[in-house]
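Asker:
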Amino acid sequence: MNTFPLTHEQLLELVKKYPTPFYLYDEKGIRDNMHYFKNAFSIFPEFREYFAVKALPNPYILKILKSEGCGGDCSSLPELMLCDKAGIAGKGVMFTSNETPAEEYVYAYEHGDIINLDDITHIEYLKKALGGKLPDTICFRYNPGPLKEGGNAIIGKPEEAKYGLTYKQMIEAYKTCKAEGVKHFGLHTMVASNELNPDFFVDTAHLVFDLVLDVQKQVGINIEFVDLGGGVGIPYRPGQKKVDLEYVAREIRKLYDSMIVPAGLDPLAICFECGRPITGPYGWLVTKAVHEKHIYREYIGCDASMADLMRPGMYGAYHEVTVSGKENAPKDHVYDVVGSLCENCDKFAVQRKLPKIDIGDLIIIHDAGAHGRSMGFNYNGKLRAGELIKRCDGSVVQIRRRETIEDYFATLDFTGLTDGSW
Ligand SMILES: *Cc1c(COP(=O)(O)O)cnc(C)c1O
Numbered sequence: 111m112n113t114f115p116l117t118h119e120q121l122l123e124l125v126k127k128y129p130t131p132f133y134l135y136d137e138k139g140i141r142d143n144m145h146y147f148k149n150a151f152s153i154f155p156e157f158r159e160y161f162a163v164k165a166l167p168n169p170y171i172l173k174i175l176k177s178e179g180c181g182g183d184c185s186s187l188p189e190l191m192l193c194d195k196a197g198i199a200g201k202g203v204m205f206t207s208n209e210t211p212a213e214e215y216v217y218a219y220e221h222g223d224i225i226n227l228d229d230i231t232h233i234e235y236l237k238k239a240l241g242g243k244l245p246d247t248i249c250f251r252y253n254p255g256p257l258k259e260g261g262n263a264i265i266g267k268p269e270e271a272k273y274g275l276t277y278k279q280m281i282e283a284y285k286t287c288k289a290e291g292v293k294h295f296g297l298h299t300m301v302a303s304n305e306l307n308p309d310f311f312v313d314t315a316h317l318v319f320d321l322v323l324d325v326q327k328q329v330g331i332n333i334e335f336v337d338l339g340g341g342v343g344i345p346y347r348p349g350q351k352k353v354d355l356e357y358v359a360r361e362i363r364k365l366y367d368s369m370i371v372p373a374g375l376d377p378l379a380i381c382f383e384c385g386r387p388i389t390g391p392y393g394w395l396v397t398k399a400v401h402e403k404h405i406y407r408e409y410i411g412c413d414a415s416m417a418d419l420m421r422p423g424m425y426g427a428y429h430e431v432t433v434s435g436k437e438n439a440p441k442d443h444v445y446d447v448v449g450s451l452c453e454n455c456d457k458f459a460v461q462r463k464l465p466k467i468d469i470g471d472l473i474i475i476h477d478a479g480a481h482g483r484s485m486g487f488n489y490n491g492k493l494r495a496g497e498l499i500k501r502c503d504g505s506v507v508q509i510r511r512r513e514t515i516e517d518y519f520a521t522l523d524f525t526g527l528t529d530g531s532w
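If you read the sequence shown in this note's numbering, its first letter stands for residue 111, the second for the next number, and so on.
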């Protein structure tokens with residue numbers, strides 16, 4: 111857990127200007143973290159990180175990440191457009207979508223983005239969408255299934271996942287694209303989520319390198335980049351350790367030297383599309399205790415809800431909770447810290463040991479910088495929190511305002527109710 115980047119006094123000042131709830135991000139933390147990631151992988155001839163836009167789809171964050179050399183990994187047209195707004199363009203954009211509408215492929219093609227296909231049938235679909243041609247560069251998403259064919263240790267249960275192509279289809283797909291005149295090829299896989307075991311990523315690289323070599327042998331093409339996906343976890347719980355990316359890079363480099371270099375495939379770019387480990391630990395949801403109740407359990411009711419941060423309610427995910435100004439107070443109370451949704455899973459913390467919480471206390475929910483605000487929703491007529499960032503110079507600026515009732519009503523036209531036609 112990272113320490114909240116403002117003092118109690120600074121936070122008290124801030125909430126006068128920006129009432130709770132809100133997200134706060136830490137620019138310096140995000141930048142330092144990206145330096146760590148880049149340095150770890152600087153032992154490769156080429157390393158690229160395409161930040162998974164869905165984790166924190168804010169153009170100001172994307173601009174910061176772009177200045178750190180990141181591209182963007184997108185799954186939809188609005189995400190592609192956000193990258194454009196932030197100045198992330200062309201081959202800086204990886205379009206890893208699934209069940210993709212034709213017009214989104216057209217947009218990605220016209221902007222020179224890298225298209226990463228999720229199925230073998232999408233070659234024809236893409237060709238048709240683009241008026242009978244294919245892009246110069248194509249990437250395919252590999253689903254290693256039970257991994258018997260890859261000859262590697264079993265990693266998770268990819269055979270139950272809807273994503274990607276089978277081993278045989280991968281070979282076929284590259285053959286087809288070669289025959290169609292496609293010139294540059296990538297290979298992508300993503301078979302984990304929030305994984306903390308560093309060896310997992312080394313095994314994934316092994317599996318991907320195996321396929322790169324098989325494609326070279328069986329199809330006669332040299333894959334130019336591999337995208338090892340996202341899935342790098344963060345230590346949400348006390349006692350968990352962050353993934354040692356220097357170790358991961360060193361181990362993958364060993365495989366690179368023994369597999370890729372002898373095959374004459376060097377330089378092969380090593381890419382990731384991580385979201386969570388880049389911004390997750392550097393974002394906090396700040397909320398206020400507005401109610402308490404004492405029934406069979408002790409409850410603290412917050413002004414934020416699961417509509418602002420869905421992970422605990424949806425996955426039972428653990429997020430550290432601290433109380434501003436009470437960081438060193440004894441944790442001698444046990445609370446359920448809850449939101450206001452009419453859903454009993456709307457609990458930020460369940461039976462958590464915390465210091466005594468008083469009404470008006472500012473409660474900080476940690477590690478909310480990825481898949482936090484972006485997974486929010488409007489159920490129960492909840493208006494989602496805004497986003498602030500602490501800049502490197504210490505100032506705090508708003509990068510997304512909170513939703514208003516007008517936003518909530520924006521998709522409705524009330525005239526039928528007021529002009530008597532309904
Ligand atoms: C969600 C996702 C990511 C990012 O995952 P993180 O856990 O945030 O790093 C990357 N690539 C794809 C295809 C995804 O679906």
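In this text, a Cβ means the ideal position worked out from N, Cα and C, and glycines have one as well. Since we're looking at a predicted model, the values are computed, not measured.
Any chance the CB of Pro465 is under 7 Å from a heavy atom of ligand 1?
Answerer: In the sequence shown, counting from the first residue as 1, residue 465 sits at position 355. Answer for Pro465: no, Cβ out of range of ligand 1.
Asker: Out of curiosity, what's the CA-to-CA distance linking Pro345 and Glu234?
Answerer: Taking the first residue of the sequence shown as position 1, residue 345 is located at position 235. Taking the first residue of the sequence shown as position 1, residue 234 is located at position 124. Roughly 42 Å between the two C-alpha positions.
Asker: What residues does ligand 1 have around it, judged by CB closer than 7 Å to any heavy atom, in chain order?
Answerer: Those satisfying the condition are, in chain order, Ala162, Lys164, Ala165, Asp183, Ser185, Thr206, Met300, Ser303, Asn304, Gly339, Gly340, Gly341, Val342, Glu383, Cys384, Gly385, Arg386, Pro387, Ala480 and His481.
Asker: Which residue comes first and which comes last in the alpha helix (DSSP H) that contains Phe319?
Answerer: Counted from its first residue, the sequence shown places residue 319 at position 209. Where Phe319 is concerned, the enclosing alpha helix (DSSP H) stretches over Pro308 to Val329.
Asker: State whether the stretch 405 to 422 contacts the stretch 230 to 247, with contact taken as three or more CB pairs (one from each stretch) at a distance under 8 Å.
Answerer: Counting Cβ pairs under 8 Å, fewer than three are found: no touch.
Asker: Where does Tyr406 land, buried or exposed, given buried means 16+ other C-beta within 10 angstroms?
Answerer: Within the sequence shown, numbered from 1, the residue matching residue 406 stands at position 296. Flag for Tyr406 reads exposed.
Asker: If you draw a straight line from the C-alpha of Met204 to the C-alpha of Phe154, how long is it?
Answerer: Your numbering for residue 204 matches position 94 in the sequence shown. Your numbering for residue 154 matches position 44 in the sequence shown. Roughly 20 Å separates the two Cα atoms.
Asker: Rounded to the nearest angstrom, what separates Lys288 and Gly339 at their Cα positions?
Answerer: Taking the first residue of the sequence shown as 1, we reach residue 288 at position 178. Taking the first residue of the sequence shown as 1, we reach residue 339 at position 229. So the two alpha carbons sit approximately 24 Å from each other.
Asker: Whose CA, out of Leu395, Phe250 and Leu451, lies closest to the CA of Lys492?
Answerer: Sequence index remark: in the sequence shown, residue 492 carries index 382 (1-based). Of the candidates Leu395, Phe250 and Leu451, the one whose C-alpha sits nearest the C-alpha of Lys492 is Leu451.
Asker: What's the C-alpha gap between Tyr518 and Phe524?
Answerer: Residue 518 sits at position 408 when you count from the first residue of the sequence shown. Residue 524 sits at position 414 when you count from the first residue of the sequence shown. Straight-line Cα distance between these residues: approximately 13 Å.
Asker: Suppose you measure from the CA of Arg363 to the CA of Val431; what does that come to, to the nearest Å?
Answerer: On the sequence shown, position 253 is the one that residue 363 refers to. On the sequence shown, position 321 is the one that residue 431 refers to. Arg363 and Val431: Cα-Cα distance of roughly 38 Å.
Asker: Using a Cβ-Cβ cut-off of 6 Å (strictly less than) and excluding sequence neighbours within five positions of Lys278, which residues of its own chain qualify?
Answerer: Numbered from 1 along the sequence shown, position 168 holds the residue referred to as residue 278. Taken in chain order, the list of residues that qualify is empty.
Asker: Using CA coordinates, which residue listed in Ala399, Leu365, Arg158 and Lys436 is at the minimum distance from Asp446?
Answerer: By one-based count along the sequence shown, residue 446 stands at place 336. The option with the nearest alpha carbon to Asp446 is Ala399.
Asker: If we count the other Cβ atoms within 10 Å of its Cβ and call it buried at 16 or more, is Val163 buried or exposed?
Answerer: Taking the sequence shown and counting its residues from 1, one reaches residue 163 at position 53. Buried is the call here.
Asker: Smallest Cα separation from Glu453: which of Ser303, Glu156 and Asn490?
Answerer: Within the sequence shown, numbered from 1, the residue matching residue 453 stands at position 343. The candidate whose alpha carbon is nearest that of Glu453 is Asn490.
Asker: Judging by CA-CA distance, which residue of Ile469, His476 and Asp442 is the nearest neighbour of Gln461?
Answerer: Numbered from 1 along the sequence shown, position 351 holds the residue referred to as residue 461. Among Ile469, His476 and Asp442, the Cα nearest to that of Gln461 belongs to Asp442.
Asker: Looking only at DSSP bridge pairs, what is Ala399 linked to?
Answerer: Counting from 1 along the sequence shown, the entry for residue 399 is found at position 289. DSSP output for Ala399 lists Cys412 as bridge partner(s).
Asker: Taking the straight line between their C-alpha atoms, what separation do you get for Gly435 and Leu134?
Answerer: Within the sequence shown, the letter at position 325 stands for residue 435. Within the sequence shown, the letter at position 24 stands for residue 134. Between Gly435 and Leu134, the C-alpha separation is close to 17 Å.
Asker: Going by DSSP, which residues form a beta bridge with Leu134?
Answerer: Along the sequence shown, one-based indexing puts residue 134 at 24. Answer is Trp394 and Leu498.
Asker: Looking at the structure shown, is Ile474 part of a helix, part of a strand, or coil, going by DSSP?
Answerer: Looking up residue 474 in the sequence shown gives position 364. DSSP places Ile474 in strand when its eight states are reduced to three.
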